[in-house]
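Peer 1: Residue numbers (full-length UniProt numbering): 1 to 946.
Put into structure tokens, the structure is as follows:
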């Protein structure tokens, strides 16, 4: 049975109790409609069937079989048939279907109709589904209709022109003058459509921008008229006169006022009136105030007006409507870069939003809270963020831990406060902390000799209480392995300088926990960590290394007492029981603690350590087994002379403050970027651990797309950063020292350079590799077991012992002298090296007049898009090894539409070979969040350039 009328079909569908019943009804009716289209050519029946077919389409069922029937309805002379036919075309067709070309003639005929409603139908259809071909064919008709005396037709023609401009940008010049006439029209509908067209033209055409800026006084007059207009029931919404038109005018003014002080000056007065006279008690008024605030912040407005805009957004934060609070938080986040002081006044309200029940509000408030951090308020902000971290959702914790660590690095009043803060992060969310944050923390601790005792005591006490936080346990194990002897030989002061305890980063430890402990208690803790079922493999590896290092600390303490005695034949060297007194401090508190825990022989601890290592010599995990076998071998008599050197404290790794800041997604305002700039630029000369170097090497391997396959076939690489020039490889490496190559086989032999790490760049530049022995991997507590680099053919005698699975090198880096700025000749030809995704990069070479055989290259980054901001811009460059590269930092890492940034590169070319570059370009689209990561080759410079 078929349904004659549309309402009958709707009623039948609603009466269906199951999806199967509904499908049955739809299938039966679809079959009837297809049959009717073939057999009955009546216009009335076709009208009914097309209506039912569109309803079926809206339910999600296929209805493509009725496309031609819609075209037949459009050809009808009746308005009702045309209306339904055009509706069917808009629903069933899109611009990519060939059948759309059949509609062109009907559209043209209807645009010339005497009935304005028929013309409106044709314009509406063209504005929704116009393809490039159809738009090109009908552009003349649309231009003519934009000058029609009928306001109804003019406003629809303007919206249709908007579609044409977007589909065929080459036709935009045809509508610049037409849109100007619409902007001065007195009819609100025509003015509204004209503003939409003008806004699109301004974003894509510089000539249109200049033309429409001359109309700003008239637009201001229109807006003022809306503010002072009396009650008009036709346009009044909740007491506000034509709010849609007001919002549209404000948006166009925002576009016209950007980067134009003179145009912005004309808008200041009217924007002040809108901000002060609009009623904010209703959503309609809120929307106008929001657009006003955004306009003020985007143009070159007065400082007092900008403060007023920030205060408006601050009031939005107290509103009950979550939508209003959300847009306020999002806008304040964008405004923090230029109006940081004004936004700081609303800090308390922003922090209250962290505890909102709406997760989207909490997320936005969290982003803004990190952007608010400055040197003056870092203690208060970090305390609040740590409080939130304790109760935050799991999805927030990974980003929060990185950002808090980055903020602590950039704005820390002192290193003690920074260490306390990071430890607190590990304590609250140790399972969500990234590895790079742990590595940076350990490097920081290693560089602060005066804080070693405090850190090891604090971490030891915390891990005794809580062993579930992964990174906290790993940090404690590493510090115990390096500085474990301080646990029983020193009593640190836990009083934080500057009243840090009151600012959220105090020790939080009882007096009992701050007393010296015994070696036996330390070994007990490490042994317990090995037994826990949830201890990770990496933590077990680190614990084994800590135990073997702890044995050396115990033997060192034993040797310093001068009380060696002959021990049992099976236990090696032992201490008399009274040695315990010499291992503890002379303070009464330390003596009391030792007596409370009972006497312990250092020899017993050594025997326990050897026993624990022996348990893992047959472990099923290869890495654990190998470490246990190697470490157990160190206790053999032939290593008595070298054991202390092997197990001594690691060389102090090089600590890069910039790397810590770049490791998180920290959103910081311009007001805070200058904080600690003096310290951030200072590089401490030291050595790097294997794990940190491996991380850097992986980044650079990704640049050149080269896999690591051992030392064979690898040459040496030289690295250069913005404040250090690369030295030729091998200049400081002894022969046969097993120099590690970070880059292999780029152009056959390669040097690589990267700019200095800025807050927007999450990269660290590795330093030149120095010689190392195979013992480097043995002592690398953070090693993950990979064997990427084989030991050199000339190695220490220890190489045979530790080379079972190969061993990594401990790459030691040092900074080279900085390459000073040099004067250059006039810039020459610009060569295009990259042009994708809206970003264009040109290279302009010139000869350096002060340095022979050196080329100075200016890199220009241009954002060619009209409405998209490019963020996190990063350029990495590689050159052949015969050339030495130096890079200055870029002038900007964020490019607004049309904006240009620059960066300078120096290439020293002693062999006068052709300068060839491999570029890695990284940036992200702010609107879509899409990250672009491209590698391009460039060899377009003249061969005789140097």
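Virtual Cβ for every residue (Gly too), placed ideally from N, Cα, C.
In this text, all values refer to a predicted model and were calculated from it rather than measured experimentally.
Cutting at 8 Å between CB atoms, please list the residues of its own chain near residue 136, excluding the five before and the five after it.
Peer 2: To locate residue 136, count along the chain shown from 1; it is residue 136. So the qualifying residues of the chain are 168, 171.
Peer 1: Residue 301 and residue 262: beta carbons closer than 8 Å?
Peer 2: Position 301 of the chain shown, counted from the first residue, corresponds to residue 301. Position 262 of the chain shown, counted from the first residue, corresponds to residue 262. No.
Peer 1: Tell me which residues share the same chain as residue 614 and place their Cβ nearer than 8 Å to its Cβ, disregarding the 5 neighbours each side in the sequence.
Peer 2: Translated into the one-based positions of the chain shown, residue 614 becomes position 614. Excluding positions up to five away in sequence, the list reads 628, 632.
Peer 1: Decide if residue 594 is buried, meaning its Cβ has at least 16 other Cβ atoms within 10 Å, or exposed.
Peer 2: By 1-based counting over the chain shown, the position of residue 594 is 594. Its pLDDT being 40, under 50, residue 594 is placed unreliably by the model, and the measurement read from it follows with that caveat. Answer is buried; the Cβ neighbour count reaches 16.
Peer 1: What residue from 25, 347, 838 has the CA that sits closest to residue 923's CA?
Peer 2: As a first step, residue 923 is located in the chain shown; it is residue number 923 there, counting from the start. Looking at the Cα atoms, 838 is the closest of the given residues.
Peer 1: Since residue 901 is in the beta strand (DSSP E), which residue starts that stretch and which ends it?
Peer 2: Here residue 901 is taken as the residue at index 901 of the chain shown, counted from 1. Start and end: 900-908.
Peer 1: How is residue 818 classed by DSSP in three states: helix, strand or coil?
Peer 2: Residue 818 sits at position 818 when you count from the first residue of the chain shown. Note that residue 818 has pLDDT 34, beneath the 50 cutoff, so the model's placement of it is unreliable and the number below is only indicative. Three-state DSSP puts residue 818 in coil, outside helix and strand.
Peer 1: Please identify the residue among 609, 18, 151 whose C-alpha is closest to the C-alpha of residue 554.
Peer 2: What you label residue 554 is simply residue 554 of the chain shown in a count that begins at 1. Measuring from the Cα of residue 554, the nearest candidate turns out to be 609.
Peer 1: Just to confirm before moving on: does the CB-CB distance between residue 271 and residue 278 stay below 8 Å?
Peer 2: Indexing the chain shown from 1 puts residue 271 at position 271. Indexing the chain shown from 1 puts residue 278 at position 278. No.
Peer 1: From this set, 425, 210, 485, 328, which residue's C-alpha is nearest residue 454's C-alpha?
Peer 2: For the purposes of this step, residue 454 is identified with residue 454 of the chain shown, where counting begins at 1. Comparing Cα positions, the closest option is 485.
Peer 1: Does residue 381 pass the burial test, meaning 16 or more other C-beta atoms within 10 Å, or should it be called exposed?
Peer 2: Residue mapping note: residue 381 aligns to position 381 of the chain shown, counting from 1. Residue 381 comes out buried.
Peer 1: Which runs of the beta strand (DSSP E) spanning at least 3 residues fall entirely within the stretch 434-465, listed in chain order?
Peer 2: Runs found: none.
Peer 1: For residue 910, count neighbouring Cβ atoms within 10 angstroms of its own Cβ and tell me buried if that reaches 16, exposed if not.
Peer 2: What you label residue 910 is simply residue 910 of the chain shown in a count that begins at 1. It counts as exposed.
Peer 1: With H, G and I counted as helix, E and B as strand and the rest as coil, what does DSSP make of residue 886?
Peer 2: As a first step, residue 886 must be located in the chain shown, where it is residue number 886. Of the three classes helix, strand and coil, the one that applies to residue 886 here is strand, per DSSP.
Peer 1: For residue 68, count neighbouring Cβ atoms within 10 angstroms of its own Cβ and tell me buried if that reaches 16, exposed if not.
Peer 2: Taking the chain shown and counting its residues from 1, one reaches residue 68 at position 68. Exposed, since its Cβ has fewer than 16 Cβ neighbours within 10 Å.
Peer 1: From 410, 852, 420, 532, pick the residue whose C-alpha is nearest to that of residue 968; which is it?
Peer 2: Missing from the structure shown is residue 968; the chain here goes from 1 to 946 and no further.
Peer 1: Determine the closest residue to residue 866 out of 269, 178, 282, 926, with distance taken between C-alpha atoms.
Peer 2: Taking the chain shown and counting its residues from 1, the one referred to as residue 866 is at position 866. It is 926 whose Cα lies nearest to the Cα of residue 866.
Peer 1: Since residue 430 and residue 472 should fall inside the 8 Å C-beta cutoff, what is the C-beta to C-beta distance between them, to a whole number of angstroms?
Peer 2: Working through the chain shown from its first residue, we reach residue 430 at position 430. Working through the chain shown from its first residue, we reach residue 472 at position 472. Right, their Cβ atoms sit about 4 Å apart.
Peer 1: Hey, how far is the Cα of residue 450 from the Cα of residue 522?
Peer 2: Against the chain shown, residue 450 aligns to sequence position 450. Against the chain shown, residue 522 aligns to sequence position 522. Cα to Cα, the separation comes out at about 21 Å.
Peer 1: Short check: CB of residue 979 to CB of residue 938, under 8 Å?
Peer 2: The structure shown has nothing for residue 979, since the chain only spans 1 to 946.
Peer 1: Can you name the residues that DSSP bridges to residue 844?
Peer 2: Here residue 844 refers to the residue found at position 844 of the chain shown. According to DSSP, residue 844 bridges with 858.
Peer 1: Check whether the stretch 907-921 touches the stretch 890-897, counting contact only when three or more Cβ pairs, one atom from each stretch, lie closer than 8 Å.
Peer 2: Taking 8 Å as the limit for Cβ pairs, the verdict is that the stretch 890-897 does not touch the stretch 907-921.
Peer 1: Name the residue from 377, 240, 134, 138 whose alpha carbon lies nearest to the alpha carbon of residue 112.
Peer 2: The residue you call residue 112 lines up with position 112 of the chain shown. Looking at the Cα atoms, 138 is the closest of the given residues.
Peer 1: In angstroms with no decimal places, state the Cα-to-Cα distance between residue 444 and residue 546.
Peer 2: Position 444 of the chain shown, counting from 1, holds the residue named residue 444. Position 546 of the chain shown, counting from 1, holds the residue named residue 546. Approximately 19 Å, taken between the alpha carbons.
Peer 1: Out of curiosity, what's the CA-to-CA distance linking residue 228 and residue 103?
Peer 2: Position 228 of the chain shown, counted from the first residue, corresponds to residue 228. Position 103 of the chain shown, counted from the first residue, corresponds to residue 103. The straight-line gap from Cα to Cα measures roughly 46 Å.
Peer 1: With a threshold of 8 Å, are at least 3 pairs of Cβ atoms found where one atom belongs to the stretch 229-236 and the other to the stretch 197-217?
Peer 2: The answer is no - the stretch 197-217 does not touch the stretch 229-236, with fewer than three Cβ pairs under 8 Å.
Peer 1: With three or more beta-carbon pairs closer than 8 Å as the criterion, would you say the stretch 81-91 touches the stretch 149-161?
Peer 2: In short, these stretches do not touch, since the Cβ pair count stays below three.
Peer 1: Can you give the beta carbon distance from residue 957 to residue 885, rounded, assuming they're within the 8 Å contact cut?
Peer 2: There is simply no residue 957 to check, as the chain begins at 1 and stops at 946 in what is shown.
Peer 1: Tell me where the alpha helix (DSSP H) around residue 935 begins and ends.
Peer 2: Walking along the chain shown from the start, residue 935 turns up at place 935. Residue 935 -> not in any alpha helix (DSSP H); beta strand (DSSP E) instead, spanning 931-938.
Peer 1: If I'm right that residue 343 touches residue 317 with Cβ under 8 Å, what's the distance once you round it to whole angstroms?
Peer 2: Along the chain shown, read from residue 1 onward, the residue named residue 343 stands at position 343. Along the chain shown, read from residue 1 onward, the residue named residue 317 stands at position 317. Wrong, their Cβ atoms sit about 11 Å apart, outside the cutoff.
Peer 1: Give the DSSP-derived three-state secondary structure of residue 34 in the structure shown.
Peer 2: To locate residue 34, count along the chain shown from 1; it is residue 34. In the structure shown, residue 34 sits in a helix (DSSP, three-state: H, G or I).
Peer 1: Relative to the C-alpha of residue 413, which residue among 392, 436, 384, 374 is closest?
Peer 2: As a working note, residue 413 is residue 413 in the chain shown. The candidate whose alpha carbon is nearest that of residue 413 is 374.
Peer 1: Classify residue 358 as helix, strand or coil using the three-state DSSP reduction.
Peer 2: By one-based count along the chain shown, residue 358 stands at place 358. Note: residue 358 maps to coil in three-state DSSP.
Peer 1: Could you say which of 516, 5, 462, 459 lies nearest to residue 487 if we only look at CA atoms?
Peer 2: As a first step, residue 487 must be located in the chain shown, where it is residue number 487. Comparing Cα-Cα distances from residue 487 to each of 516, 5, 462, 459, the minimum goes to 516.
Peer 1: Under 7 Å Cβ to Cβ from residue 674, same chain only, skipping five residues before and after it: list those, please.
Peer 2: Translated into the one-based positions of the chain shown, residue 674 becomes position 674. Reliability fails at residue 674, whose pLDDT of 34 lies under 50, so the model's placement of it is uncertain and the value that follows must be treated cautiously. Taken in chain order, the list of residues that qualify is empty.
Peer 1: At 4 residues or longer, and completely inside the stretch 339-406: list those alpha helix (DSSP H) runs for me, N to C.
Peer 2: As far as the stretch 339-406 is concerned, its whole alpha helix (DSSP H) runs of at least 4 residues are 340-344, 347-352, 359-371, 378-391.
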